[in-house]
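Reviewing the structure listed below.
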Amino acid sequence: MIINSLLSLIVLFAILINFPSEMVFAACGSAIASRITTMGALCPCYDATWCSYDGSKNLTYVYEKLCGCTCWPDGSVCGYETLRTTYIGSCCSSGGDSGPRPCEVANNGWGAYWLHIRVVDLNESLGCTQAQLEDAFETGAGVEAATVRLWKNNPVSELVLTPNVTDEDGEYIKYLNIGPREYYTKNMRVLTSKEIRGVTYSQYCPLTVGDPYGAWLFSPRPSKCEHVLEYVAIDMPPDCGGTYNLNVDVKDASGGCGSLGSSIDNALVTISADTPGEDPGTVEIFSGLTGSSVLGRVTLNNLSTDYSTLYFQSSKIIGENLYVLQCPTPYHREIFDPVAVECTDQTIELGIAPVEAVSWKTVIDGDIYAQNVGIEVPESALLGGFSNYLINTNGGSGGFALVEGFISADPLKIYEEGGYSENLLDLGFSHSDITLSKLSFIPPDHAELVTDFSSFSSGIDVYQMSVEDFNSSLSAPVFYTTPGEIAVLYITGSDIAIFDADLIKVPGSGSLVLVFQSNVLITSNVGVTPLLFSINSTPNIGAAIIAAGSIEIESLGTNPGTDVPIMLTGPFISETTLSLNRDLGVSNSSLPAIAVKHDQTLMCKIGKLEKDNADYSNYTGLRTFDIQFDYQE
């Protein structure tokens with residue numbers, strides 16, 4: 010009974026739209042009759058002969074495409090010509106269409122068709138014949154995200170198709186209205202291209218011989234509303250996964266960089282790189298000896314093009330001489346073009362030459378005061394803005410070397426700006442600093458007790474901290490600020506005070522003076538990679554140090570040395586001894602192992618602090634002190 014009721018409704022709908030229900034059943038059969046009849050009732054441009062082509066067609070899809078005059082199926086659908094004629098008369102002629110016009114050319118002068126482009130990768134092995142391109146189409150070698158353009162007549166005239174890109178299979182399908190009749194019958198050109206890492210790879214296979222634009226030339230037949238299927242090839246570079254091979258040749262540079270000599274086997278080569286989130290050149294990607302396969306060479310295969318900036322170092326001990334990298338430059342940096350180097354071998358030559366690689370130290374815009382000075386400054390070209398002097402200047406006042414005994418260094422290498430004096434003995438008595446000898450290293454009674462470097466309080470300038478709390482605080486890098494222009498912090502206790510991490514002054518903060526009652530050890534962990542070390546480096550210890558005991562700067566003790574350089578803040582004073590035990594090994598010829606950057610404002614700030622607190626006999630516990638000398642004619 011339910012079936013009979015549905016059948017009555019179907020027949021009623023057929024009568025309402027003047028469609029003979031028997032025709033519908035005759036053409037399509039009862040299996041899809043209800044679906045066809047429903048379409049006929051709701052879409053007046055429907056013609057029952059659709060079903061006569063293929064009873065298995067999805068008529069719901071057809072219905073959605075037709076009703077509303079918004080889009081059209083392709084020409085493979087059954088009964089298309091009949092449907093097209095009916096649709097023009099029933100729908101589109103009333104002005105109700107909002108999408109592309111149908112495939113009518115006889116009356117209204119408009120043309121349309123479905124363009125189907127397949128872009129394939131030639132990849133140096135594929136030919137350009139139709140059969141070869143069709144084979145590529147079948148094997149799925151499509152080029153994703155290739156730009157597709159369609160031109161009228163020739164590539165310099167009007168662009169018909171706004172550039173679009175292919176899908177993941179290398180296909181682009183578009184329903185096109187060609188426009189006025191004189192154009193759609195003319196030859197069209199498809200131009201494709203793809204940009205890969207900044208390089209544009211253009212269409213490679215034209216069908217028209219001699220076409221200067223390399224375009225695919227074809228003549229569409231829009232009156233048939235058919236797919237125009239074309240195959241276009243782009244000759245893209247081989248897919249190396251974004252890698253390249255790197256050869257590093259190490260040669261003898263004893264004769265200078267302009268005439269490198271023989272290859273050197275068993276030379277140590279270290280290569281570092283930049284990576285996001287890391288300091289430049291601090292990520293080691295290779296360390297090894299030359300000559301594993303080729304004399305004087307190391308080879309890195311399949312190196313990622315992400316490593317486009319590389320840093321090179323090389324060294325070798327030959328006899329009693331230490332050879333270090335000199336050519337093209339010490340600690341050489343090479344910037345590669347990732348596009349140019351992919352899938353290719355890159356070769357770089359490094360020259361190493363013998364140098365006097367002895368650890369040395371420098372002071373920046375400050376003074377040296379010592380019993381003896383025996384530091385030799387290297388003659389080789391330096392890095393990081395340093396000059397070949399014991400006392401460098403960096404826009405400041407330079408400095409003086411004042412020595413009780415003797416200076417063994419070349420007098421011309423003692424200072425960049427300033428002066429020096431040695432053998433400051435007076436009638437056989439050793440010279441001593443009066444103020445330092447009277448310093449008690451005991452904090453004043455009003456010194457505020459703190460437990461770490463975040464406890465400085467506003468309005469207070471003098472503090473004290475136990476050595477145990479100090480060591481605990483400096484187990485990790487600390488960034489500090491002072492409430493005023495200067496603060497003095499006393500470290501009390503007899504245990505060794507240990508810097509096991511950087512103590513860095515936040516930009517804009519006041520100065521800090523640390524006064525220790527005990528010995529002080531600065532461990533080998535404190536410092537910076539040589540690649541980042543310069544005369545403008547932020548001090549690793551951003552506070553002046555005055556110690557009653559010794560001050561030791563620890564070294565790893567390897568031979569040759571592999572320490573990292575360190576920048577300190579001056580004054581840097583011990584009442585007993587300074588042990589500057591840091592050795593950069595092969596980098597000694599390029600950088601100082603230790604540099605002390607003098608805080609030129611410190612004396613004025615201490616004097617002002619004492620003056621502003623004149624009610625105290627010795628507010629800072631330091632007073633204003635000078636280094637005094639006796640001179641003998």
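Take any residue in the sequence shown, note its place counting from 1, add 9, and you have its number in this note's numbering. Virtual Cβ for every residue (Gly too), placed ideally from N, Cα, C.
Bridge partner(s) assigned by DSSP for residue i
i      : result
Ser575 : Looking at the sequence itself, residue 575 is Ile, so the reference to Ser does not match. DSSP, once it has assigned bridges, lists Ile603 as partnering Ile575.
Lys370 : Ile603
Leu312 : Tyr253
Leu650 : A question about residue 650 goes unanswered here, because the residues of the chain that appear run from 10 up to 642.
His341 : Phe321
Lys203 : Tyr210
Thr291 : BP columns for Thr291 are empty, so no partner.
Arg306 : Asp258
Val515 : The partner list for Val515 (beta bridge, DSSP) is empty, contrary to what the question assumes.
Met474 : Ile500
CA-to-CA distance, residue j to residue i, given in whole angstroms
i      : j      : result
Pro452 : Pro486 : 25 Å
Leu448 : Ile560 : 17 Å
Val126 : Asp244 : Correcting the residue type first, residue 126 is Ile in the shown sequence and not Val. Using only the alpha carbons, I get a separation of about 16 Å.
Thr610 : Ser543 : 21 Å
Asn254 : Thr291 : 21 Å
Leu565 : Thr571 : 7 Å
Leu411 : Asp376 : 8 Å
Asp624 : Gln526 : 26 Å
Ile615 : Ile562 : 27 Å
Ser599 : Tyr320 : 15 Å
Thr318 : Ile280 : 10 Å
Arg632 : Leu618 : 9 Å
Ala506 : Leu593 : 24 Å
Thr201 : Glu351 : 23 Å
Asn627 : Met576 : 31 Å
Gln335 : Ala362 : 6 Å
Pro569 : Thr314 : 33 Å
Asn432 : Asp419 : 16 Å
Tyr499 : Leu512 : 15 Å
Glu358 : Leu392 : 20 Å
Residue i and residue j closer than 8 Å at C-beta
i      : j      : result
Leu159 : Leu131 : no
Leu521 : Thr491 : yes
Phe146 : Tyr240 : yes
Val471 : Thr338 : no
Gly179 : Glu143 : no
Gly394 : Ile400 : no
Ile531 : Pro574 : no
Gly517 : Glu494 : no
Ile595 : Val333 : According to the sequence shown, residue 595 is Val rather than Ile. Yes.
Asp274 : Gly250 : no
Gly151 : Val129 : yes
Leu312 : Thr252 : yes
Gly502 : Asn528 : no
Neighbour-count burial assignment, residue i, 16 or more Cβ in a 10 Å radius
i      : result
Gln139 : exposed
Gly579 : buried
Gly468 : exposed
Ser296 : exposed
Tyr429 : buried
Ser368 : buried
Met612 : exposed
Ile550 : buried
His607 : buried
Ile203 : Correcting the residue type first, residue 203 is Lys in the shown sequence and not Ile. That one is buried.
Asn597 : buried
Pro601 : buried
Gln380 : exposed
Cut-off 6 Å between Cβ atoms - residues of its own chain near residue i, not counting five sequence neighbours on either side
i      : result
Ser271 : Asp261
Thr94  : Low local confidence applies: a pLDDT of 38 at Thr94 is under 50, so the model's placement there is unreliable, with the coordinate-based value given in what follows. Excluding sequence neighbours, Thr94 sits near nothing in its chain.
Gly383 : Ser417
Lys514 : Gly551
Tyr489 : Phe462
Asn554 : Contrary to the premise, residue 554 reads as Ile rather than Asn in this sequence. Excluding sequence neighbours, Ile554 sits near Leu523, Phe581.
Glu177 : Glu153
Asn310 : Asn254
Ile423 : Leu399, Ala410, Tyr429
Sequence-distant residues of the same chain with beta carbon closer than 8 Å to residue i, five excluded per side
i      : result
Asn534 : Asp509, Ala510
Glu388 : Glu365, Asn397
Thr538 : Asp288, Gly290, Thr291, Val573
Ser484 : Asp509, Ala510
Any chain B beta carbon closer than 8 Å to residue i
i      : result
Pro387 : The structure shown contains no chain B, having only a single protein chain.
Cβ neighbours of residue i in the same chain (closer than 7 Å, five flanking residues each side left out)
i      : result
Tyr316 : Ala282, Ile294
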